[in-house]
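Student: Residue numbers (this note's numbering): 445 to 882.
Where a beta carbon is used, it is the ideal one built from N, C-alpha and C, also for glycine.
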């Protein structure tokens, strides 16, 4: 297999939908004022219209509920509703404590002291008996439900969403789209949201085990719905990447329009893919439709197999050039065969992913607009522009809640570079882009 950064001769991460929208925080203390006094703010999971209403300082834009912005937390003295609102994971009488929460199995006098939110018979009870939830003391990554032990504490932000099995208060903060709680409980554990026809692949943001070729190079593959398991941000852990443009089968969604092959997306009239949800649920997963794989679906290249699928709606991959890599190197079905001699000819045209755009980003037009995604006019999106993955944004800019943010200290996977030191997580600079080799 060829290294994943290859673009098949074409020039040239967050998602989302809110779950996959990148927020490259480092898990450290939030130092901003959320605009609320202790005891007067709205708790996570409750309906909201503005960030300033929420104890967390973040009103999740798709579900319109108070959520938790990845990598951010409230400092000591700031308003809170539950422990996970706070950097210390301890919320006492509506205010974040300056003392770190008490780890599982240690002595306690109140629920609010405990990392798991429960003091039982004078001892902090674990929220998850299989691993240590965030806030607990740790010795290495393997002890933590988040798979990330930072400075001796299980940290909740190895990626842009909460890991399966880790502490949560709302569905939208979990990579899997579901926060499972016992009746009456304030805290729960993240899990994969049930969704008929969506399969069992691993959703974007979850820590994953990558695949490598015979030369040790990282390649597309793995259990990820996107078939892309690469390092993320400052944690350096490998996570399932949110792919460019529309969401393929298995990924988290809020509406049908989030999914590749749904109504108003290319090939939607043929594939008829929907956002499969349980009754009453706000979050679901893109199902597999009932026909060929639509534009944006994961496919196999003629020369590289990280998926067995060759049945793109635009034509069988083994007979036609209907599968190409997006700006994260993920092979995606094309809406039609393309000629990249002059990429500018695709500016403003409807797309499912950046693979349709010959090196240009495929970005959202806006809520309710048609077509929902179009090829951009420049090779990257500047600060303030819309994005679906960090690779859409210009070098070092994160894709945060669908918008390219302010510059960071280094370029992420898929972003432009001139030398290795430009790239995060020790990534090499390959052919002008931060890529991955073993």
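Within 10 angstroms of its Cβ, does residue 798 collect 16 or more other Cβ (buried), or is it exposed?
Tutor: As a first step, residue 798 is located in the chain shown; it is residue number 354 there, counting from the start. By the 10 Å Cβ count, residue 798 comes out buried.
Student: Pair every Cβ in the stretch 677-691 with every Cβ in the stretch 603-614, then say whether three or more of these pairs are closer than 8 Å.
Tutor: Cβ pair count under 8 Å is three or more, so yes.
Student: How big is the Cα-Cα spacing for residue 746 and residue 758?
Tutor: Translated into the one-based positions of the chain shown, residue 746 becomes position 302. Translated into the one-based positions of the chain shown, residue 758 becomes position 314. Near 15 Å, if we compare the C-alpha coordinates of residue 758 and residue 746.
Student: Looking at the unbroken beta strand (DSSP E) that takes in residue 768, where does it start and where does it end?
Tutor: Walking along the chain shown from the start, residue 768 turns up at place 324. Taken as a continuous stretch (DSSP letters only), the beta strand (DSSP E) holding residue 768 covers 767-769.
Student: Can a CB atom of chain B be found closer than 9 Å to the CB of residue 802?
Tutor: Reference to chain B is not applicable here, since this structure consists of a single protein chain.
Student: Please state if the CB of residue 593 and the CB of residue 575 are separated by a distance shorter than 9 Å.
Tutor: Position 131 of the chain shown holds residue 575. Position 149 of the chain shown holds residue 593. No, they are not a contact pair.
Student: By DSSP, does residue 868 sit in helix, in strand, or in coil?
Tutor: Start at 1 with the first residue of the chain shown, and residue 868 comes out as number 424. Three-state DSSP puts residue 868 in a helix.
Student: Determine, using beta carbons only, whether residue 720 and residue 632 come nearer to each other than 9 Å.
Tutor: On the chain shown, position 276 is the one that residue 720 refers to. On the chain shown, position 188 is the one that residue 632 refers to. No, the pair does not count as a contact, with Cβ atoms beyond the cut-off.
Student: Taking the CB atoms as reference points, tell me whether residue 868 and residue 856 lie closer together than 9 Å.
Tutor: Within the chain shown, the letter at position 424 stands for residue 868. Within the chain shown, the letter at position 412 stands for residue 856. Yes. Within cutoff.
Student: Would DSSP call residue 885 helix, strand or coil?
Tutor: Residue coverage of the chain in this structure runs from 445 to 882, which leaves residue 885 outside it and unanswerable.
Student: Are the CB atoms of residue 716 and residue 707 nearer to each other than 9 Å?
Tutor: Here residue 716 is taken as the residue at index 272 of the chain shown, counted from 1. Here residue 707 is taken as the residue at index 263 of the chain shown, counted from 1. Yes; because the gap between Cβ atoms is below 9 Å, this pair is in contact.
Student: To the nearest angstrom, how far is the alpha carbon of residue 696 from that of residue 728?
Tutor: Walking along the chain shown from the start, residue 696 turns up at place 252. Walking along the chain shown from the start, residue 728 turns up at place 284. Those two C-alpha atoms are separated by around 6 Å.
Student: Taking the beta strand (DSSP E) that residue 714 falls in, what are its first and last residues?
Tutor: Here residue 714 corresponds to residue number 270 of the chain shown, with the count starting at 1. Segment 712-715 is the alpha helix (DSSP H) holding residue 714; no beta strand (DSSP E) there.
Student: Bridge partners of residue 848, per DSSP?
Tutor: In the chain shown, counting from the first residue as 1, residue 848 sits at position 404. Per DSSP, 843.
Student: Does residue 627 come out as helix, strand or coil in the three-state DSSP assignment?
Tutor: Within the chain shown, numbered from 1, the residue matching residue 627 stands at position 183. Note: residue 627 maps to coil in three-state DSSP.
Student: State the Cα-Cα distance for the pair residue 873 and residue 808, rounded to the nearest angstrom.
Tutor: Here residue 873 refers to the residue found at position 429 when the chain shown is read from its first residue. Here residue 808 refers to the residue found at position 364 when the chain shown is read from its first residue. Taking the straight line joining both Cα atoms gives about 28 Å.
Student: For residue 765 versus residue 781, is the C-beta distance shorter than 9 Å?
Tutor: Translated into the one-based positions of the chain shown, residue 765 becomes position 321. Translated into the one-based positions of the chain shown, residue 781 becomes position 337. Yes; because the gap between Cβ atoms is below 9 Å, this pair is in contact.
Student: Given that a residue counts as buried once 16 or more other Cβ atoms are within 10 Å of its Cβ, and exposed if not, what is residue 541?
Tutor: Here residue 541 is taken as the residue at index 97 of the chain shown, counted from 1. The residue is buried, with at least 16 neighbouring Cβ atoms inside 10 Å.
Student: Kindly indicate which three-state DSSP category residue 835 falls into: helix, strand or coil?
Tutor: One-based indexing of the chain shown puts residue 835 at position 391. In this structure, residue 835 counts as helix in the three-state DSSP scheme.
Student: Taking DSSP as the reference, what is the three-state secondary structure of residue 632?
Tutor: Along the chain shown, read from residue 1 onward, the residue named residue 632 stands at position 188. Strand, per DSSP.
Student: Three-state secondary structure (DSSP) at residue 760?
Tutor: On the chain shown, position 316 is the one that residue 760 refers to. Strand, per DSSP.
Student: Checking the sheet assignment: what are the DSSP bridge partners for residue 727?
Tutor: Numbered from its first residue, the chain shown carries residue 727 at position 283. Its beta-bridge partners do not exist; DSSP assigns none.
Student: Among 523, 509, 522 and 502, which has the Cα closest to the Cα of residue 515?
Tutor: As a first step, residue 515 must be located in the chain shown, where it is residue number 71. Checking every option, the nearest Cα to that of residue 515 belongs to 502.
Student: Out of 567, 739 and 524, point me to the one whose CA is closest to residue 688's CA.
Tutor: One-based indexing of the chain shown puts residue 688 at position 244. With distances taken between Cα atoms, residue 688 lies closest to 739.
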